[in-house]
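Numbered by full-length UniProt numbering, the letters in the sequence shown go through residues 1 to 121 in order.
Glycine included, each C-beta is placed from N, C-alpha and C at the ideal position.
Shown next, in structure tokens, is the structure this report addresses.
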Amino acid sequence: METNRITGSAKDFAGKLEGAVGDIAGDAKTEAAGRVREATGTAQNLYGQAKDAAREATDAAVNYAKDAYENSGDTFHDGSQAIAKSVRDNPLGSMLIAGGIGFALALLLTRPPRRPPQRGR
């Protein structure tokens with residue numbers, strides 16, 4: 001728990017008490033000082049709450065990233081096993097697909113660059 005929350009709550013309470021005492025005694029200066037202290041305490045408490053919320057969100061994001069990183073190896077391993085099983089079940093189809101992909105890549109890589117059309121001729 002953020003110390004600003006504790007300090008802010010204490011100032012808020014003290015400000016309310018001082019404002020009530022000033023109101024009962026009819027002392028406007030004491031009442032005003034109490035209201036100022038109360039507002040300061042409320043602001044400090046809200047600041048502490050915001051810091052706590054940011055810390056919790058950061059911790060949750062870090063934990064999520066760690067879980068994703070730790071489980072990524074399992075996902076890759078499962079995908080590799082699924083591809084290996086598919087190749088074992090249908091070797092000819094796998095060879096044709098691999099050959100088609102290789103042929104398409106060769107066409108893309110060996111194709112001459114396009115030249116813009118000549119103007120004025």
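Compare the C-alpha of residue i against each of the options and name the closest.
i, options, result
"Thr-42", "Ala-32, Lys-16 and Thr-30", "Lys-16"
"Gly-48", "Leu-105, Arg-115, Thr-7 and Arg-119", "Thr-7"
Work out the CA separation of residue j and residue i for me, nearest whole Å.
i, j, result
"Ala-65", "Gly-22", "54 Å"
"Ala-14", "Phe-76", "59 Å"
"Asp-27", "Thr-3", "32 Å"
"Arg-37", "Glu-70", "49 Å"
"Ser-9", "Asp-67", "37 Å"
"Leu-96", "Asp-89", "14 Å"
"Ala-20", "Gln-44", "21 Å"
"Gly-34", "Arg-5", "19 Å"
"Lys-51", "Asp-59", "12 Å"
"Gly-99", "Leu-107", "12 Å"
Buried or exposed: residue i, going by 16 or more other Cβ atoms within 10 Å of its Cβ?
i, result
"Asp-12", "buried"
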